[in-house]
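Listed in order, the protein sequences are those of chains A and B.
When the count follows this note's numbering, it moves up by one through the first sequence with no breaks and lands on 278 for the last residue.
When the count follows this note's numbering, it moves up by one through the second sequence with no breaks and lands on 304 for the last residue.
Beta carbons are placed, not taken as given, at the ideal position from N, Cα and C, and that holds for glycine.
Working notes, structure below.
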Amino acid sequence: MSRRSYSWLPALLVHGLLAAGAMLALAPLAWMLAASLMPPGEANSYPPRLWPSAITFEHYTALFTRLDLARYLFNSTLLAIAVTVISLLINSMAGYAFAKFRFRGRDRLFQGLLAALVIPAQVTMLPLFLLLKQFGLINTYGGVIIPGMASIFGIFLIRQYLLAIPDSLLDAARMDGAGEFRIYWSLIVPLCRPILVTLAIFTFLGVWNDFMWPLIVLTDSSMYTLPVALANLSGEHVQDTELMMAGSVLTVLPVMLLFVILQKYYIAGIMLGGMKG
Amino acid sequence: MIGPERHAALSGWAFLAPALLLIAVFFFLPVMAALALSFTDFDIYALGDLQRLRFIGFDNYLQLLQSPLFWIALGNTAYFVVVGGPLSVAISLGAALLVNSRLTHGSAWFRTALFLPVVTTLVAVAVVWRYLYHPRYGLLNYGLSLFGVEPIDWLGDPNWAMPAIILMAVWKNFGFNMIIFIAGLQNIPPPLYEAARIDGANAWQQFRYITLPLLGPTFLFVALMTMIGYFQVFAEPYVMTQGGPANRTMSVVLLMYEEGFRWWNMGYASAAAFVLFALILAATMLQLQLRRRGSS
Chain A
2 MSRRSYSWLP ALLVHGLLAA GAMLALAPLA WMLAASLMPP GEANSYPPRL WPSAITFEHY
62 TALFTRLDLA RYLFNSTLLA IAVTVISLLI NSMAGYAFAK FRFRGRDRLF QGLLAALVIP
122 AQVTMLPLFL LLKQFGLINT YGGVIIPGMA SIFGIFLIRQ YLLAIPDSLL DAARMDGAGE
182 FRIYWSLIVP LCRPILVTLA IFTFLGVWND FMWPLIVLTD SSMYTLPVAL ANLSGEHVQD
242 TELMMAGSVL TVLPVMLLFV ILQKYYIAGI MLGGMKG
Chain B
9 MIGPERHAAL SGWAFLAPAL LLIAVFFFLP VMAALALSFT DFDIYALGDL QRLRFIGFDN
69 YLQLLQSPLF WIALGNTAYF VVVGGPLSVA ISLGAALLVN SRLTHGSAWF RTALFLPVVT
129 TLVAVAVVWR YLYHPRYGLL NYGLSLFGVE PIDWLGDPNW AMPAIILMAV WKNFGFNMII
189 FIAGLQNIPP PLYEAARIDG ANAWQQFRYI TLPLLGPTFL FVALMTMIGY FQVFAEPYVM
249 TQGGPANRTM SVVLLMYEEG FRWWNMGYAS AAAFVLFALI LAATMLQLQL RRRGSS
């Protein structure tokens with residue numbers, strides 16, 4: 002540590018690079034916010050403006066009055082919450098089964114599921130579309146929710162977490178005569194709280210930010226999620242830079258806030274997924 | 009009365025059943041159906057009337073291999089993977105080393121700032137970057153003009169469109185791998201560095217002979233995940249260039265989407281999806297193989 006006083010030059014370099022990197026990472030987001038508050042046309046001026054000459058919220062109001070943004074916001078929120086809640090339940094039960102019950106073929110089954118992670122989701126999309134069409138689920142919330150209700154990655158994350166919890170806890174509960182579902186619900190779920198929060202953030206962000214599948218399965222504009230609506234609007238309103246930036250802010254802001262508040266859990270999740278993978 | 013072992017097995021399967029059923033129906037079944045579909049001429053007529061469906065063997069695959077557009081999409085995707093992947097991994101590692109450096113104060117703040125693009129919505133930031141790349145009013149050209157660089161038509165110039173998309177993609181996702189690298193770096197025991205310093209090793213030697221070898225498994229994981237993800241590039245070209253100009257940003261997944269869901273050539277599109285899958289699998293095997301050879 003005594004070396005630190007002599008090494009101010011490397012420290013300066015490290016902080017300079019970090020500051021430059023952080024600025025490059027944040028600049029597009031900062032400009033998005035600034036441009037969304039500019040009077041119409043100001044984002045297309047030369048030299049480019051970094052800050053609005055007068056702050057206006059008219060583009061945000063226009064999104065809700067002239068365009069159907071409230072609807073998209075509702076769709077995105079509903080889908081993200083529904084998939085998160087249901088998949089958390091289903092994945093945690095499966096992860097619990099893989100971690101704490103012994104049955105024939107368990108490990109081979111788990112290995113098989115992990116190996117399937119290399120199959121890109123796009124391979125499934127065409128038949129999945131046809132399958133959901135048979136069930137009448139195209140252009141419904143179910144078309145997004147049902148295929149997202151179980152995820153191999155989610156099961157994996159829960160299993161890894163539960164492996165570290167001693168079996169003796171469960172045995173004690175069984176001695177007391179608790180039923181298996183009771184044990185899961187009142188012992189395992191509370192024990193898993195941190196990893197469940199992590200998985201909840203992952204899932205919520207994943208559904209909120211997803212683009213390709215909602216684009217395919219939600220065909221009517223009243224069903225669009227924010228990203229699908231935004232991609233669609235950005236074609237029609239390509240000239241309305243400030244309006245599009247306001248739309249981008251509203252799409253990005255909820256998930257950024259969620260991340261900033263729960264960042265500890267999110268980062269821990271990436272590390273767990275990364276280390277054990 | 010059933011024995012405890014049988015009871016455990018039954019309970020295990022019961023907890024597993026919902027997830028297994030869903031994964032079987034909505035993942036494994038479609039994968040197999042996609043393979044079957046790729047050997048048929050499933051098109052818009054078959055969508056209306058399944059009687060029109062015909063088995064055509066490998067015709068879709070042969071047709072793909074003879075399609076100039078498919079080869080262009082393949083080439084563009086390879087460009088994106090081969091240039092964008094390593095660039096992203098290198099920047100992630102650099103950022104992780106800086107954030108994790110023992111010289112750094114306030115590393116949590118830097119980490120959050122560098123990570124923030126990861127949680128943003130790809131479509132939204134792609135829309136933002138489209139304006140940043142504007143040849144006349146865009147911030148990027150303005151910044152470059154301060155250094156005397158002539159304006160570049162980033163998304164309109166066939167030679168610049170793919171680099172522009174790569175730059176945006178790297179900005180968006182390097183933070184994710186940075187976190188994994190930070191975790192890997194923190195797993196390296198500090199006494200190793202202390203011993204090396206006592207032996208007079210400089211910073212580069214410490215990096216080369218301690219950090220890099222011990223980061224090996226993390227590095228492999230990050231490289232594989234990044235490569236697999238980059239092979240699937242779709243939303244960036246969809247939003248920013250629609251595959252243009254002159255198909256220079258048409259990716260395999262974008263081609264699959266257009267063929268399958270715009271023109272309803274679902275048999276043909278399934279074949280394209282399987283070629284992509286085969287390529288991802290082959291590239292994954294190759295990386296694992298190289299790694300094994302490297303470590304032995």
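Could you give the C-beta distance for residue i and residue j, rounded to a whole number, given that I count them as a contact under 8 Å?
i: residue 131 of chain A; j: residue 148 of chain A; result: With 8 Å as the limit, residue 131 of chain A and residue 148 of chain A do not qualify as a contact, their Cβ atoms being about 13 Å apart.
i: residue 85 of chain B; j: residue 62 of chain B; result: That pair is no contact at about 30 Å.
i: residue 230 of chain B; j: residue 109 of chain B; result: Actually they are not in contact, since the Cβ atoms of residue 230 of chain B and residue 109 of chain B sit about 19 Å apart, beyond 8 Å.
i: residue 145 of chain B; j: residue 45 of chain A; result: 5 Å
i: residue 219 of chain A; j: residue 144 of chain A; result: 7 Å
i: residue 177 of chain B; j: residue 244 of chain B; result: 6 Å
i: residue 50 of chain B; j: residue 275 of chain B; result: 4 Å
i: residue 64 of chain A; j: residue 227 of chain A; result: The pair is not a contact, with the Cβ atoms about 11 Å apart (cut-off 8 Å).
i: residue 11 of chain A; j: residue 150 of chain B; result: Not really, about 33 Å apart at Cβ, beyond 8 Å.
Hey, could you find the ends of the alpha helix (DSSP H) residue i is sitting in?
i: residue 214 of chain A; result: 213-218
i: residue 139 of chain B; result: 130-140
i: residue 194 of chain A; result: 194-210
i: residue 13 of chain B; result: 12-31
i: residue 22 of chain A; result: 9-37
i: residue 94 of chain B; result: 93-108
i: residue 73 of chain B; result: 67-73
i: residue 183 of chain A; result: 181-184
i: residue 181 of chain B; result: 169-194
i: residue 177 of chain A; result: Unbroken run through residue 177 of chain A: none, as it is neither H nor E.
i: residue 85 of chain B; result: 76-87
i: residue 156 of chain A; result: 153-164
i: residue 58 of chain B; result: Per DSSP, residue 58 of chain B belongs to no alpha helix (DSSP H) and is neither H nor E.
i: residue 142 of chain A; result: 142-146
i: residue 116 of chain A; result: 107-116
i: residue 150 of chain A; result: It is not in any alpha helix (DSSP H) - residue 150 of chain A carries neither H nor E in the DSSP assignment.
i: residue 250 of chain B; result: That residue, residue 250 of chain B, is in no alpha helix (DSSP H); it is neither H nor E in DSSP.
Using DSSP with H/G/I as helix, E/B as strand and the rest coil, what is residue i?
i: residue 227 of chain B; result: helix
i: residue 36 of chain B; result: helix
i: residue 125 of chain A; result: helix
i: residue 252 of chain A; result: helix
i: residue 155 of chain B; result: coil
i: residue 278 of chain A; result: Note that residue 278 of chain A has pLDDT 43, beneath the 50 cutoff, so the model's placement of it is unreliable and the number below is only indicative. Correct three-state label for residue 278 of chain A: coil.
i: residue 66 of chain A; result: helix
i: residue 112 of chain B; result: coil
i: residue 63 of chain B; result: strand
i: residue 257 of chain B; result: coil
i: residue 57 of chain A; result: coil
i: residue 226 of chain A; result: coil
i: residue 85 of chain A; result: helix
i: residue 3 of chain A; result: Residue confidence for residue 3 of chain A is low, a pLDDT of 47 falling below 50, so the modelled location carries little weight and cannot support an answer.
i: residue 242 of chain A; result: helix
i: residue 48 of chain B; result: strand
i: residue 203 of chain B; result: helix
i: residue 44 of chain A; result: coil
i: residue 289 of chain B; result: helix
Measuring CB to CB, does residue i end up less than 8 Å from residue j?
i: residue 130 of chain B; j: residue 258 of chain B; result: no
i: residue 96 of chain B; j: residue 182 of chain B; result: yes
i: residue 159 of chain A; j: residue 93 of chain A; result: yes
i: residue 68 of chain B; j: residue 209 of chain B; result: no
i: residue 135 of chain A; j: residue 264 of chain B; result: no
i: residue 273 of chain A; j: residue 161 of chain A; result: yes
i: residue 281 of chain B; j: residue 192 of chain A; result: no
i: residue 102 of chain A; j: residue 16 of chain B; result: yes
i: residue 125 of chain A; j: residue 39 of chain B; result: yes
i: residue 232 of chain B; j: residue 193 of chain B; result: no
i: residue 92 of chain B; j: residue 238 of chain B; result: yes
i: residue 111 of chain B; j: residue 15 of chain A; result: yes
i: residue 186 of chain B; j: residue 134 of chain B; result: no
Cβ-heavy atom distance between residue i and the ligand NAP below 7 Å?
i: residue 145 of chain A; result: The ligand content of the structure shown is nil, which means the ligand NAP is not present either.
Segment contact flag, the segment 246-256 of chain A with the segment 26-35 of chain A, C-beta cutoff 8 Å, min 3 pairs = Yes: at least three Cβ pairs fall under 8 Å.
message = Measuring CB atoms only, is the segment 170-187 of chain B touching the segment 119-139 of chain B, in the sense that at least three cross pairs come out at less than 8 Å?
response = Result yes; three or more Cβ-Cβ pairs closer than 8 Å.
key: Touch test, the segment 165-175 of chain A against the segment 108-123 of chain A, Cβ-Cβ under 8 Å, three pairs minimum   = Output reads no: the segment 108-123 of chain A does not touch the segment 165-175 of chain A.
query = Does the count of Cβ pairs from the segment 185-201 of chain A and the segment 53-64 of chain A closer than 8 Å reach three?
reply = Taking one beta carbon from each stretch, the segment 185-201 of chain A and the segment 53-64 of chain A have fewer than 3 pairs nearer than 8 Å; the two do not touch.
inquiry  = Whether or not the segment 208-216 of chain A and the segment 75-88 of chain A are in contact is what I'm after, with contact meaning three or more pairs of Cβ atoms, one per stretch, closer than 8 Å; do they touch?
reply    = Judged by Cβ distances under 8 Å, the segment 75-88 of chain A makes contact with the segment 208-216 of chain A, as three or more pairs qualify.
Stretch-stretch touch, CB-based, cutoff 8 Å, three pairs: the segment 113-128 of chain B with the segment 229-244 of chain A = Touching, no, given that fewer than three Cβ pairs across the two stretches are closer than 8 Å.
query = At a cut of 8 Å, does the segment 155-173 of chain B reach the segment 249-257 of chain B through at least three beta carbon pairs?
reply = With the cut-off at 8 Å, the segment 155-173 of chain B and the segment 249-257 of chain B touch.
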